[in-house]
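Novice: Here's a structure for you.
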Amino acid sequence: MAEKKNCDANSPKGNNCTHHSEERRTFLKQSSAMMALALTPPTVLKAADLDEKVAEKFEKVPVTLEINGVKQKLSVEPRVTVLDLLREQLNLTGTKKGCDYGQCGACTVHIDGTRVNSCLTFAVMQDGKKITTIEGLAAGEELHPMQEAFIKHDGFQCGYCTPGQIMSAVACIREGHANSEAEIREYMSGNICRCGAYPNIVNAILEVKNGGQKV
Amino acid sequence: MSINYIMKEQLLKDGVIGDPMNRVDGRMKVTGRARYSAEFELPNLAHAVLVTSTIAKGRIKSLETKVAERAPGVLAVISHLNSPKVPGFAQHDHPAEPPTGGQPLRVFYNDKVYSNGQPIALVVADTFERALYASSLVKAQYEQEKHTTDFEANKEKAFIPSQAKNNKNSHLADYVRGEEDAYKTADIKIEAEYTQPTEVHNPMELQAIVAHWEAEDKLTVYDKTQAVKGTQNAFAKDWNIPVENVKVIATFVGGAFGNGLHTWPHETAAIIAAKKVNRPVKLMLTREQMFFMVGYRPHTWQKIGMSATADGKLTAITHESIGQTSSYEEFTESTLQQSKMMYACPNVTTRYRILALDVSTPIWMRGPGEATGAFALESAMDEMAYALNIDPIEFRMLNHTERDPEKNLPWSTKYLKECIQLGAERIGWEKRQLKPRSLKFGEWLVGYGMGVGTFGANFRMARARARMLADGSVIIQSATTDIGPGTGTAMVQIAADALGVPPDKITFQLGNSAFPHSPSQGGSSTVSSVGSAVHAVCIALKEKIQQLGGTAFSAVTPEDITIIGGMITVPNDASAKVAYVDLLKQNNLQEIDVTAEAKPDDERKNYSMYSFSVHFAEVHVHPVTGVVRVNKVVSCADAGTIVNEKTAGNQMIGGAVGGIGMALMEAAVIDDRFGRYVTKDLAEYHVPVHADIPKVDVIFVNKPDLHVNPIGTKGIGEIALIGMAPAIANAVFNATGKRIRELPITPDKLI
Chain A
1 MAEKKNCDAN SPKGNNCTHH SEERRTFLKQ SSAMMALALT PPTVLKAADL DEKVAEKFEK
61 VPVTLEINGV KQKLSVEPRV TVLDLLREQL NLTGTKKGCD YGQCGACTVH IDGTRVNSCL
121 TFAVMQDGKK ITTIEGLAAG EELHPMQEAF IKHDGFQCGY CTPGQIMSAV ACIREGHANS
181 EAEIREYMSG NICRCGAYPN IVNAILEVKN GGQKV
Chain B
1 MSINYIMKEQ LLKDGVIGDP MNRVDGRMKV TGRARYSAEF ELPNLAHAVL VTSTIAKGRI
61 KSLETKVAER APGVLAVISH LNSPKVPGFA QHDHPAEPPT GGQPLRVFYN DKVYSNGQPI
121 ALVVADTFER ALYASSLVKA QYEQEKHTTD FEANKEKAFI PSQAKNNKNS HLADYVRGEE
181 DAYKTADIKI EAEYTQPTEV HNPMELQAIV AHWEAEDKLT VYDKTQAVKG TQNAFAKDWN
241 IPVENVKVIA TFVGGAFGNG LHTWPHETAA IIAAKKVNRP VKLMLTREQM FFMVGYRPHT
301 WQKIGMSATA DGKLTAITHE SIGQTSSYEE FTESTLQQSK MMYACPNVTT RYRILALDVS
361 TPIWMRGPGE ATGAFALESA MDEMAYALNI DPIEFRMLNH TERDPEKNLP WSTKYLKECI
421 QLGAERIGWE KRQLKPRSLK FGEWLVGYGM GVGTFGANFR MARARARMLA DGSVIIQSAT
481 TDIGPGTGTA MVQIAADALG VPPDKITFQL GNSAFPHSPS QGGSSTVSSV GSAVHAVCIA
541 LKEKIQQLGG TAFSAVTPED ITIIGGMITV PNDASAKVAY VDLLKQNNLQ EIDVTAEAKP
601 DDERKNYSMY SFSVHFAEVH VHPVTGVVRV NKVVSCADAG TIVNEKTAGN QMIGGAVGGI
661 GMALMEAAVI DDRFGRYVTK DLAEYHVPVH ADIPKVDVIF VNKPDLHVNP IGTKGIGEIA
721 LIGMAPAIAN AVFNATGKRI RELPITPDKL I
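In the order they appear, the protein sequences are chains A and B. Residues in the first sequence are numbered from 1 upward in steps of one, following UniProt numbering. Residues in the second sequence are numbered from 1 upward in steps of one, following UniProt numbering.
Next up, the structure:
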């Protein structure tokens, strides 16, 4: 699953970095599996088994994603969101599910540097892209300045919206939308904190912005 | 935010109590390493998705599950037709019969539907996507009965809760002090009705559970709950297995605000599923389901009659309320408490009723009934102040009471007057004009308002275990949870203070039912209860050290012993000095392990114990659009000792934010034709976002109340919110001259 593969996401063909020959091979393999299934006497196969095997072969699509700096070749169903891929298949549970409708921001990640609600995008739509989650923000044990500032200003209580707030906050500064308290509030309003730590979050962002550290 | 500490010298002693320490689990939370209920990876984990009813009342005539069962990856479709029996489910027809007060919904017990959105089936599959898809293939047919969800149309069916019927001394029973309804015959009186709509907790973490039968009679759940012990007991009873065979883990809880104080149908559904498929099962509710089955602040109607003398003395208050509940459980809360005890008033009458509708059961939501009641009482106080042409602060000062008039006892401590003075100064109350529509900022109307809050300084029995390891580090355990206030951090500070051991040498572990008993994390009682247990266990640890040290410490009290850098010392006694490792060696021990209990003592009976708060708001209202902007908030609390000014301040801010939501935007709207909520996500049900929240100034009086507990804390969680909504409603009146008695104060009500 975590096989590394060189694939330049910045090349004009960034999205096509899966090799066509490989896709074809996969298709042929799937076809022969189907053929084998088709030739099995019906009495041997229960309908459910058949459904399952067909589904297994046809419901998955190869996707290559660079997640927190590690290129991963994955095979996912087209209906799998980036959020569910991270949480349920890759054990990256730092990205949170708060609504699944793009209304709360708890699932915010960076995709090619832009903040995105990962519940609103399918993994297959991001083929070849670079995804950064909260787990990939710190440099090893050294926290990102925004993480430090959140701790210092107590920019959270229960902590559930926190990864999304932090990912959004970093993007907010990078976008140039953190020039005043009012502007921060406006551009952070897609990230709900039900515990209500908003003023502390704004203070944390202001400190990082005014500190001039690279985010 | 700015937090002021006055009278800090009155703190118990110099120590880490009061320090604005960073949270002990902050690093876990900012790096994504904190694991919430749905995030425990178990081998062979299956995923479950609920199917819910689309009618509010009736029975399930048929359930088509075959197509779903055949869908790829599906392991089981569970419903009342095939669910394993839950032995603890009472075997009577309606869950409300015969136990008085009813009982929680018995999921998949029979074909009855009691509310729209009730779980009727559960699809279990090998992946989440497959379970979700297959759940769309389950089709139900119903035999519908006429439902009743319209609160207003059915108010006359409200009744006295069984608890009050059976016990005239219940706090829910009708209450009369002095003359009943005395306001009716007074010259100066007001009478008004107030409405609190249904509000939904909506913590950011969706309710989730991973259920795992480790053996036939051994259950482990990773569950979102505010009470690991309570949940453990509930499931042990359900499944008729020994309590110690049930393990409940809630290491991190992503907010709850009360909705983790009850066990809900989805939890048992997941446990049933895990039994059925013989695999661990994960079930996370959708945001929509959060509106239908995990409780809410109930829709409540209130009426206040109030009279006063021309010089501003209250003569009578009558406060009545009707709160919504379900058909199968009698949910009650202390909506009328503040009216009984807050003001010096010779004649007080309260009447509390509940109204059973075909909806799911409510549950306490932050501040709970007291916040609903304070909206009515503190709005009425403002209305009366206007009727008397007296400043609302002066009116409250005139009716301040130095004794609890309900219990006829002295307060343990009460610094409400100080709170009001400090807050008034900070908000700039002197700018306020008594006459509405007097102040403007550009084209915006400006108004100031205030509201008072109070909540019982609760203390419930708790236990803690402390182990001091050979390296001098300490591990303390108690079965409490941390839904966000910073429980672990506060406990480490209390322990550091009691032991004299630096905080970084102390670990506090919570969220596990195997730990010593703790009450649920509710009712603003955690620091008082668990904090007292932690304090007690630290004293017990020192006693043990003293005892093991023999003659070295025979002349001192345990309190004198300090443990610094692995050395046990006594201040002012250089001879009493032993290395901890040597002490262990001498006694042939690996570590010291003690458990202690803290519980309220009889002294509490001599006092009335409450936390107090006052909230001030400056609002700007647009005269054309009716938009209300909260420009500034000041919240002051008399909550006893403040253990950590940073986390406590944050909790106060959070309460203010919750109060702003309650005042200006939150309402769950039911479509009575279908008995179903139409507000079912965060686009339709609005909660405050960054742009809605101004600077919140927090002020603590910070005087310990040693009658409540040895640390002197009184509780913050509820008073942070209670009284905020009326402060805003009163400020809106001051700005516009419009008295809004039905929350939330949306623009349509102001234009």
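Every residue, glycine too, gets a C-beta built ideally from N, C-alpha and C. Keep in mind it's a predicted model, so treat the numbers as computed, not measured.
Output needed in chain order: residues of the segment 92 to 123 of chain A with a Cβ under 8 Å from some Cβ in chain B.
Specialist: Result list: L92, T93, G94, T95, K96, K97, G98, C99, D100, Y101, Q103, C104 and A106.
Novice: Does chain B have any CB closer than 9 Å to the CB of A/N210?
Specialist: Not closer than 9 Å to any Cβ of chain B, the Cβ of A/N210 fails to qualify, so no.
Novice: Measuring only the C-alpha atoms, how far is B/A250 from B/T225?
Specialist: Whole-angstrom Cα-Cα distance: 7 Å.
Novice: Roughly how far, in whole angstroms, is the beta-carbon of B/E41 from the beta-carbon of B/V138, given that I think they are within contact range, below 8 Å?
Specialist: The pair is not a contact, with the Cβ atoms about 28 Å apart (cut-off 8 Å).
Novice: In whole angstroms, what is the alpha-carbon distance linking B/A310 and B/Y183?
Specialist: Their backbone Cα atoms lie some 14 Å apart in a straight line.
Novice: Are the segment 702 to 711 of chain B and the segment 319 to 332 of chain B touching, with three or more C-beta to C-beta distances below 8 Å?
Specialist: Flag = no, the segment 702 to 711 of chain B and the segment 319 to 332 of chain B do not touch.
Novice: Applying the 10 Å Cβ sphere with the 16-neighbour rule, what's the burial state of B/N22?
Specialist: Answer is buried; the Cβ neighbour count reaches 16.
Novice: Specify, as a first and last residue, the run of the beta strand (DSSP E) that A/I166 falls within.
Specialist: It is not in any beta strand (DSSP E) - A/I166 instead sits in the alpha helix (DSSP H) that spans T162 to R174.
Novice: Taking the alpha carbon of B/E383 as the reference point, which residue from B/L132, B/M450, B/E666 and B/Y133 has its own alpha carbon closest?
Specialist: Answer by Cα proximity: B/M450.
Novice: Quick check: is the beta carbon of A/P62 nearer than 9 Å to any beta carbon in chain B?
Specialist: No, A/P62 lies away from the interface with chain B (no Cβ there is under 9 Å from its Cβ).
Novice: Hey, would you say A/G159 sits closer than 9 Å to B/G484, going by beta carbons?
Specialist: The answer is yes: Cβ separation under 9 Å.
Novice: I'd like to know whether the C-beta of B/A256 is nearer than 9 Å to at least one C-beta of chain A.
Specialist: True, the Cβ-Cβ gap to chain A drops below 9 Å.
Novice: Starting from A/N210, follow the alpha helix (DSSP H) in both directions and report where the run begins and ends.
Specialist: Its alpha helix (DSSP H) spans residues Y198 to G211.
Novice: Helix, strand or coil for A/E23, going by three-state DSSP, please let me know.
Specialist: For A/E23, the predicted model reports a pLDDT of 45, less than 50, meaning its position is unreliable; a value from the coordinates is still stated below. The answer is helix: DSSP assigns A/E23 an H, G or I state.
Novice: Of all Cβ atoms in chain A, is any one closer than 9 Å to the Cβ of B/I78?
Specialist: Not an interface residue.
Novice: Excluding the 5 residues flanking A/G102 on each side, which residues of the same chain have their C-beta closer than 7 Å to its C-beta?
Specialist: Once the five neighbours on either side are set aside, the close Cβ partners of A/G102 are N117, C119 and L120.
Novice: Between the segment 479 to 503 of chain B and chain A, which residues of the former have CB atoms less than 9 Å from a CB of the latter, in chain order?
Specialist: Under the 9 Å Cβ criterion, the segment 479 to 503 of chain B contributes D482, I483, G484, P485 and G486.
Novice: Return the CA-CA distance between B/A227 and B/V534, expressed in angstroms with no decimal places.
Specialist: Between B/A227 and B/V534, the C-alpha separation is close to 18 Å.
Novice: Can you pull the chain B neighbours of A/C172, defined as C-beta to C-beta under 8 Å?
Specialist: The premise fails here: A/C172 is roughly 10 Å from chain B at the closest Cβ pair, so nothing lies under 8 Å.
Novice: Here's the rule I'm using: 16 or more other beta-carbon atoms within 10 Å means buried, otherwise exposed. How should residue 756 of chain B be labelled?
Specialist: Shown here, chain B extends from 1 to 751; a query on residue 756 of chain B therefore has no answer.
Novice: With hydrogens ignored, establish whether the beta-carbon of B/G305 is closer than 8 Å to any heavy atom of the ligand MN.
Specialist: As for the ligand MN, it is missing from this structure, which has no ligand bound.
Novice: Can you pull the chain B neighbours of A/S180, defined as C-beta to C-beta under 9 Å?
Specialist: Within chain B, no residue comes near A/S180; the closest Cβ sits about 13 Å away, beyond 9 Å.
Novice: Between B/I539 and chain A, is there a C-beta pair that is closer than 9 Å?
Specialist: Closer than 9 Å: no.
Novice: Beta-carbon within less than 6 Å of residue 823 of chain B's beta-carbon, same chain only, minus the 5 sequence neighbours each way: which residues are those?
Specialist: This structure gives no information on residue 823 of chain B, because the portion of chain B shown stretches from 1 to 751.
Novice: Can you find a CB in chain A that lies within less than 9 Å of the CB of B/E618?
Specialist: No - not a single Cβ of chain A is within 9 Å of the one on B/E618.
Novice: Would you mind telling me which residues of chain B sit closer than 8 Å to A/G196, beta carbon to beta carbon, in chain order?
Specialist: Going along chain B in sequence order, the residues near A/G196 (Cβ under 8 Å) are I653, G654, G655, A656, V657, G658, P688 and I693.
Novice: If you compare alpha carbons, which of B/S170, B/I272 and B/P119 is closest to B/P87?
Specialist: Looking at the Cα atoms, B/I272 is the closest of the given residues.
Novice: The beta strand (DSSP E) spanning B/M397 covers which residue range?
Specialist: No beta strand (DSSP E) contains B/M397, which is instead part of the alpha helix (DSSP H) from P392 to L398.
Novice: Please list the terminal residues of the continuous beta strand (DSSP E) segment that includes B/R467.
Specialist: That run of the beta strand (DSSP E) goes A462 to M468.
Novice: Can you check DSSP and say which residues form a bridge with B/G58?
Specialist: The partner list for B/G58 (beta bridge, DSSP) reads B/V113 and B/Q144.
Novice: Would you say B/T641 faces chain A, with C-beta separation under 9 Å as the test?
Specialist: No - not a single Cβ of chain A is within 9 Å of the one on B/T641.
Novice: Below 8 Å between beta carbons is the criterion; list the residues of the segment 63 to 84 of chain A that meet it against any residue of chain B, in chain order.
Specialist: Within the segment 63 to 84 of chain A, the qualifying residues are E77, R79, V80 and D84.
Novice: How big is the Cα-Cα spacing for B/A270 and B/D238?
Specialist: About 13 Å.
Novice: May I ask you to list the residues that DSSP assigns as paired with A/T108?
Specialist: Partner(s): A/N117.
Novice: How long is the line joining the alpha carbons of A/A149 and B/A316, rounded to whole angstroms?
Specialist: So the two alpha carbons sit approximately 52 Å from each other.
Novice: Tell me the rounded alpha-carbon separation between residue 752 of chain B and B/A234.
Specialist: What is shown of chain B runs 1 to 751, which leaves residue 752 of chain B out entirely.
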